[in-house]
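A.B. asks:
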Amino acid sequence: MTGNDKVRILAIESSCDETAAAVVVNGREVLSNVISTQIPIHTLYGGVVPEIASRKHIERVNQVVREALKEADVTLDDIDAIGVTYGPGLVGALLVGLSEAKAIAWAKGIPLVGVHHIEGHICANYIEDTQLEPPFMCLVVSGGHTHLVNVSDYGKYEILGRTRDDAAGEAFDKVARAIGLGYPGGPKVEQKAKEGDPHAIKFPVAKVDDGVYDFSFSGLKSAVLNYINGAEMKGEEINEADIAASFQQAVIDALVGNAMNAIDEYKVTKFAIAGGVASNKTLSEAMKAACEAKGVKFYHPSPILCTDNAAMIGAAAYYEYINGRRDGWDLNAIPNLVLGER
Amino acid sequence: MKILGIESSGLVASVAVLEEGIIQGEFTTNFKKTHSQTLLPMLDILKDTLELDLDTVDAIAVAAGPGSFTGLRIGSATAKGVALAMDKPIIAVPTLEAMACNFYGSDKLICPIMDARRNQVFTGLYRFENDDLDIVMDQCPLDINELLDKINQLLGDGESAETDLGQIKEVVFLGDGVNVQRQTIEDNCKVKYSFAPAHLAYQSASSLCVRAVTYYNEGKAINSDDFRPEYLRVSQAERERTKKLAAEGGN
Chain B
4 MTGNDKVRIL AIESSCDETA AAVVVNGREV LSNVISTQIP IHTLYGGVVP EIASRKHIER
64 VNQVVREALK EADVTLDDID AIGVTYGPGL VGALLVGLSE AKAIAWAKGI PLVGVHHIEG
124 HICANYIEDT QLEPPFMCLV VSGGHTHLVN VSDYGKYEIL GRTRDDAAGE AFDKVARAIG
184 LGYPGGPKVE QKAKEGDPHA IKFPVAKVDD GVYDFSFSGL KSAVLNYING AEMKGEEINE
244 ADIAASFQQA VIDALVGNAM NAIDEYKVTK FAIAGGVASN KTLSEAMKAA CEAKGVKFYH
304 PSPILCTDNA AMIGAAAYYE YINGRRDGWD LNAIPNLVLG ER
Chain S
176 MKILGIESSG LVASVAVLEE GIIQGEFTTN FKKTHSQTLL PMLDILKDTL ELDLDTVDAI
236 AVAAGPGSFT GLRIGSATAK GVALAMDKPI IAVPTLEAMA CNFYGSDKLI CPIMDARRNQ
296 VFTGLYRFEN DDLDIVMDQC PLDINELLDK INQLLGDGES AETDLGQIKE VVFLGDGVNV
356 QRQTIEDNCK VKYSFAPAHL AYQSASSLCV RAVTYYNEGK AINSDDFRPE YLRVSQAERE
416 RTKKLAAEGG N
């Protein structure tokens, strides 16, 4: 440590299409949070192209790290540990941030702490509300993940439910493409939905029989596509805004429904959301209302902490760090890393 | 001058330290583990063994491509991270030039080949002239048969008027592409040829460092921020998009 009780962590995140670095103090105070997004280039392809993402990461990673240090007004000599996402995510993309983080840690003799990407999303809530402490329940919804998680303590996670097929954000992307909104689907569908009627079309959300809190969104996505095809065959005009609003409502109903059942069963008093889809206002408002109706305190990160960023990785790394986690120079990227496993 | 070399463009992972004409240490593996698991532990062992103070290194040399996309990025990010941490420049060494340096001083035409799939190889043609590496054909992706045609033409009967390869009568092949293309070479190479022996057949960080010295002395060390590998091939998505746009433009 640097002579006082502050632990400064440099965090690096490159699991998908954002190259990001941040400096975080004691897991709660963000000194810098630099994000270099690749969305414009991937928009040309209607989604993230892994090889292009990996190439962009290598072009940007040093600048992003330098900027994070500069903005935080620190040098590497002030850093106590380096936190880095090592999974899950796109393997080629992960390897860039991971190799960079390992090399910096090795060259400077700083401890290395590998972080699970979803753990990072959950920990974004520690930054947003510095008083939040476990236990609480968290719903992580993003382009790659849909997890309902019980957080019993710092670094202790029990997955109650997850998607069986598409992630919620993935369904948003696919529906956005189908109604001609383009990439990224989340914000575009949300925007379009504002003009539409959420109850105009009844899209079914599949119930998963054997996994009480699991989700399934591929059926919903198919229902939307079938609806569009059906209308086209009949020569009927479709109302994109109604489709967007009704689809979004179906996703929200599924997410809120499962969350409320889990809250009842586990009798939690605090509930948080996290991940890119958590920046969807309609979702967070619906979840907030449902939680408050049960007397459950609701937490959600600001949009900048919802989408992929490194500050959240710094928060997660801090709690792993004080729990004694140190990774070796052989730490590898694990594209399908399971939350709570190493 | 002291150079730390990092080579992970192919199956081999290799690291070395060169100081004032001496390879102080080199650690090379060609094993099933991924470079992500081997490269930094190897650097760590090398550093400990040599009691290396990274502050005393003048530049980080790295195999800059072509090669396995993932391998290149692991080596590149490692080099960039070390360079950023220690405030050192990077020397980007073309992979195939470094490989050609395995055959320093040879009187043969040197042809490193790396498997590039789809019956292509990443290759280049090199020779040594007055102790200097001379690039006869710069590194590029090429169909193996086109490469062999080119070699046959260059070395066959001295009929080729466009290049003067002097006394060179023989070509030596090296690189992991040899294992894939051996039969094609044996069938279609019409001039005298040989395959590199095991200790010269693959990428090595010491050869990389030797080539890096030339670049360094030519003032070609660069800021680590600006370094990116040369893949010599666009991604599949870009290729398909270009094709699609061209087709649409043609309609």
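Same order as they appear, the protein sequences are chains B and S. Adding 3 to a residue's 1-based position in the first sequence gives its number in the numbering used here. Adding 175 to a residue's 1-based position in the second sequence gives its number in the numbering used here. Quick reminder that beta carbons are idealized off the backbone N, C-alpha and C, glycines included. Nothing here was measured: the structure is a model prediction, and the numbers come from that model.
#1: Whole angstroms are fine: how far does the CA of residue 112 of chain B sit from the CA of residue 308 of chain S?
#2: State the DSSP-derived secondary structure class of residue 15 of chain B, mapped to helix, strand or coil.
#3: Count the CB pairs spanning the stretch 58-78 of chain B and the stretch 11-31 of chain B that are closer than 8 Å, and state whether there are at least three.
#4: Is the shortest distance between the beta-carbon of residue 35 of chain B and the beta-carbons of chain S less than 9 Å?
#5: Step through the CB atoms of chain S and report whether any lies within less than 9 Å of the CB of residue 329 of chain B.
#6: If you drop the 5 nearest sequence neighbours on each side, which residues of the same chain put their C-beta closer than 6 Å to that of residue 4 of chain B?
#7: Between residue 219 of chain B and residue 303 of chain B, what straight-line distance do the alpha-carbon atoms span, to the nearest angstrom?
#8: Which runs of the alpha helix (DSSP H) fall wholly inside the stretch 238-264 of chain S and span at least 4 residues, in chain order?
#9: With a threshold of 9 Å between beta carbons, is residue 62 of chain B in contact with chain S?
#10: Across which residues does DSSP place residue 124 of chain B in a beta bridge pair?
#11: Does the count of Cβ pairs from the stretch 36-45 of chain B and the stretch 101-109 of chain B closer than 8 Å reach three?
#12: Buried or exposed for residue 22 of chain B, going by 16 or more other Cβ atoms inside 10 Å?
#13: What runs of the beta strand (DSSP E), each 3 residues or longer, lie entirely inside the stretch 183-215 of chain S?
#14: If you measure from the beta carbon of residue 16 of chain B to each beta carbon in chain S, is any gap under 9 Å?
#15: Alpha carbon to alpha carbon, how far is residue 98 of chain B from residue 189 of chain S?
#16: For residue 277 of chain B versus residue 127 of chain B, is the C-beta spacing smaller than 9 Å?
#17: Can you tell me which of the three DSSP states residue 236 of chain B falls into?
#18: Going along chain S, which residues have a C-beta under 7 Å from residue 103 of chain B?
#19: Quick one: measure Cβ to Cβ for residue 186 of chain B and residue 60 of chain B, integer angstroms, because I've assumed they're closer than 8 Å.
#20: Candidates S/276, S/259, S/326: which alpha carbon is nearest residue 365 of chain S's?
#21: To the nearest angstrom, report how far apart residue 341 of chain S and residue 423 of chain S are at their CA atoms.
#22: Against chain S, with Cβ distances strictly below 9 Å, would residue 212 of chain B count as a contact?
#23: Starting from residue 389 of chain S, follow the alpha helix (DSSP H) in both directions and report where the run begins and ends.
#24: So what's residue 269 of chain B in DSSP terms, helix, strand or just coil?
#25: Out of B/244, B/312, B/202, B/122, which has the shortest C-alpha to C-alpha gap to residue 33 of chain B?
#26: So, helix, strand or coil for residue 345 of chain B, using DSSP?
#27: Run the CB neighbour count on residue 203 of chain B, radius 10 Å, all protein chains shown included, and call it buried at 16 or more, exposed below.
#28: Please name the residue in B/162, B/133, B/251 whose C-alpha comes closest to that of residue 142 of chain B.
#29: Can the beta-carbon of residue 231 of chain B be found less than 9 Å from the beta-carbon of residue 255 of chain B?
#30: Which partner residues does residue 218 of chain B have in the DSSP bridge list?
#31: Any contact of the stretch 407-418 of chain S with the stretch 199-206 of chain S, i.e. 3+ C-beta pairs under 8 Å?
#32: Taking only the alpha-carbon atoms, compute the straight-line gap between residue 304 of chain S and residue 297 of chain S and give it to the nearest angstrom.
#33: With a threshold of 16 other CB atoms inside 10 Å of the CB of residue 305 of chain B, please say whether the residue is buried or exposed.
#34: Let me make sure I understand the geometry here. Which of S/399, S/230, S/248, S/179 has the alpha-carbon closest to that of residue 210 of chain S?
#35: With a threshold of 8 Å, are at least 3 pairs of Cβ atoms found where one atom belongs to the stretch 113-123 of chain B and the other to the stretch 332-344 of chain B?
C.D. replies: Concretely, from the data shown:
#1: Roughly 38 Å between the two C-alpha positions.
#2: Note: residue 15 of chain B maps to strand in three-state DSSP.
#3: Touching, per the Cβ criterion.
#4: Residue-level contact by beta carbon fails for residue 35 of chain B and chain S, as no gap is shorter than 9 Å.
#5: Under the 9 Å criterion on CB atoms, residue 329 of chain B is classed as non-interfacial with respect to chain S.
#6: Any reading at residue 4 of chain B must be qualified, since the residue scores a pLDDT of 44, below 50, and its modelled position is unreliable; the value itself is stated next. Result list for residue 4 of chain B: 83, in chain order.
#7: Their Cα atoms are separated by approximately 23 Å.
#8: Runs of the alpha helix (DSSP H) lying entirely within the stretch 238-264 of chain S and spanning at least 4 residues, in chain order: 244-261.
#9: For residue 62 of chain B, the answer is yes, since a Cβ of chain S falls inside 9 Å of its Cβ.
#10: Per DSSP, none; premise fails for residue 124 of chain B.
#11: Taking a contact to require three or more Cβ pairs closer than 8 Å, the stretch 36-45 of chain B and the stretch 101-109 of chain B do not qualify as touching.
#12: Of the residues assessed, residue 22 of chain B falls on the buried side of the cut-off, its CB having 16 or more other CB atoms within 10 angstroms.
#13: Note on the stretch 183-215 of chain S: whole beta strand (DSSP E) runs with a minimum of 3 residues are 188-194, 197-204, in chain order.
#14: Interface with chain S (9 Å Cβ-Cβ cutoff): residue 16 of chain B is excluded.
#15: Whole-angstrom Cα-Cα distance: 18 Å.
#16: Taking 9 Å as the Cβ cut-off, residue 277 of chain B and residue 127 of chain B qualify as a contacting pair.
#17: Correct three-state label for residue 236 of chain B: helix.
#18: Within chain S, the residues placing a beta-carbon under 7 Å from that of residue 103 of chain B are 252, 255, 256, ordered along the chain.
#19: A Cβ-Cβ distance of about 18 Å is found for the pair residue 186 of chain B and residue 60 of chain B, leaving them out of contact under the 8 Å criterion.
#20: Ranking the options by Cα distance to residue 365 of chain S, first place goes to S/326.
#21: Their Cα atoms are separated by approximately 49 Å.
#22: So no, residue 212 of chain B is outside the interface.
#23: 380-392 is the span of the alpha helix (DSSP H), which, as asked, contains residue 389 of chain S.
#24: The answer is helix: DSSP assigns residue 269 of chain B an H, G or I state.
#25: The option with the nearest alpha carbon to residue 33 of chain B is B/312.
#26: Note: residue 345 of chain B maps to coil in three-state DSSP.
#27: In the assembly as shown, residue 203 of chain B is an exposed residue. Its beta-carbon has fewer than 16 other beta-carbons within 10 Å.
#28: For residue 142 of chain B, the nearest C-alpha among the options comes from B/162.
#29: Between residue 231 of chain B and residue 255 of chain B, the CB-CB gap reaches or exceeds 9 Å.
#30: DSSP lists B/166 as the bridge partner or partners of residue 218 of chain B.
#31: The stretch 407-418 of chain S is not in contact with the stretch 199-206 of chain S.
#32: If I take the Cα positions, the gap works out to 23 Å.
#33: In the assembly as shown, residue 305 of chain B is an exposed residue. Its beta-carbon has fewer than 16 other beta-carbons within 10 Å.
#34: Closest option to residue 210 of chain S, judged by alpha-carbon separation, among S/399, S/230, S/248, S/179: S/248.
#35: Proximity of the stretch 113-123 of chain B to the stretch 332-344 of chain B meets the contact definition, three or more beta-carbon pairs being nearer than 8 Å.
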